[in-house]
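Participant: Letter by letter, the sequence shown follows residues 21 to 140 of my numbering.
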Amino acid sequence: SPAMWDDDYTGFEWIDASDGDHNLISYLRKGADAEGNREVVVCVSNFAGNPHEGYRVGLPFGGEWVEILNTDAEEFGGSGVVNVGPIIAEDTPWNGRPVSAQLRVPPLGAVWLVPASQVR
């Protein structure tokens with residue numbers, strides 16, 4: 021996905037760069053595919069040694085989202101604090117975004133989400 025490697029400055033937006041209370045940052049990566057469609061990846065990173073259950077993050081649009089990377093997955097030697105199944109965006113504005121979702125964010129780990137429509 022170009023959203024993961026495109027180096028154009030327009031391909032990056034902070035969602036929340038100042039959540040020091042939870043030691044988390046979240047940002048949005050965007051990139052155009054071969055047809056010019058904008059793909060997005062939401063990245064949430066936890067720098068604390070404890071997980072965050074029900075952590076709310078703002079999303080750019082509604083619908084179903086899918087976790088495509090969780091650095092705490094057991095297959096990577098992690099403890100398994102993952103988001104199973106689709107993540108449904110709620111009509112709750114958050115972080116200056118129109119909708120949001122609640123996530124399980126692992127300790128000292130990162131979660132990457134994409135819209136379900138982007139999963140190939």
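No residue lacks a Cβ here, since even glycine has one placed at the ideal position from N, Cα and C. Values in this document were obtained by computation on a predicted structure and should not be read as measured data.
According to DSSP, is residue 99 helix, strand or coil?
Facilitator: In the sequence shown, counting from the first residue as 1, residue 99 sits at position 79. Residue 99 falls in the coil class under three-state DSSP.
Participant: Contact defined as beta carbons within less than 8 Å: I believe residue 103 pairs with residue 78. What is the distance between those atoms, to the nearest angstrom?
Facilitator: One-based indexing of the sequence shown puts residue 103 at position 83. One-based indexing of the sequence shown puts residue 78 at position 58. That belief does not hold up - the Cβ atoms of residue 103 and residue 78 are roughly 16 Å apart, past 8 Å.
Participant: Hey, residue 90 and residue 129: beta-carbon distance below 9 Å or not?
Facilitator: Along the sequence shown, one-based indexing puts residue 90 at 70. Along the sequence shown, one-based indexing puts residue 129 at 109. Going by C-beta atoms, residue 90 is nearer than 9 Å to residue 129.
Participant: Note down the Cα distance separating residue 125 from residue 118, rounded to an integer number of angstroms.
Facilitator: The residue given as residue 125 occupies position 105 in the sequence shown. The residue given as residue 118 occupies position 98 in the sequence shown. Residue 125 and residue 118: Cα-Cα distance of roughly 21 Å.
Participant: Residues bridged to residue 66 by DSSP?
Facilitator: Counting from 1 along the sequence shown, the entry for residue 66 is found at position 46. DSSP, once it has assigned bridges, lists 44 as partnering residue 66.
Participant: Ends of the beta strand (DSSP E) at residue 81?
Facilitator: Counting from 1 along the sequence shown, the entry for residue 81 is found at position 61. First-last for residue 81: undefined, no H or E at that position.
Participant: Please classify residue 166 as buried or exposed, where buried requires at least 16 neighbouring CB atoms within 10 angstroms.
Facilitator: No answer is possible for residue 166: the residues shown for the chain start at 21 and end at 140.
Participant: So what's residue 37 in DSSP terms, helix, strand or just coil?
Facilitator: Residue mapping note: residue 37 aligns to position 17 of the sequence shown, counting from 1. In this structure, residue 37 counts as strand in the three-state DSSP scheme.
Participant: If you check the beta carbons only, do residue 48 and residue 86 fall under 9 Å apart?
Facilitator: Stepping through the sequence shown from its first residue, residue 48 is reached at position 28. Stepping through the sequence shown from its first residue, residue 86 is reached at position 66. The answer is no: Cβ separation not under 9 Å.
Participant: Locate the beta strand (DSSP E) running through residue 122, then write down its first and last residues.
Facilitator: For the purposes of this step, residue 122 is taken as residue 102 along the sequence shown, with counting starting at 1. Note, residue 122: beta strand (DSSP E), 119-125.
Participant: If you compare alpha carbons, which of 107, 88, 76 is closest to residue 61?
Facilitator: As a position in the sequence shown, residue 61 is number 41, starting the count at 1. With distances taken between Cα atoms, residue 61 lies closest to 88.
Participant: Would you kindly work out how many angstroms separate the C-alpha atoms of residue 101 and residue 122, rounded to a whole number?
Facilitator: Residue 101 sits at position 81 when you count from the first residue of the sequence shown. Residue 122 sits at position 102 when you count from the first residue of the sequence shown. Taking the straight line from one Cα to the other gives about 14 Å.
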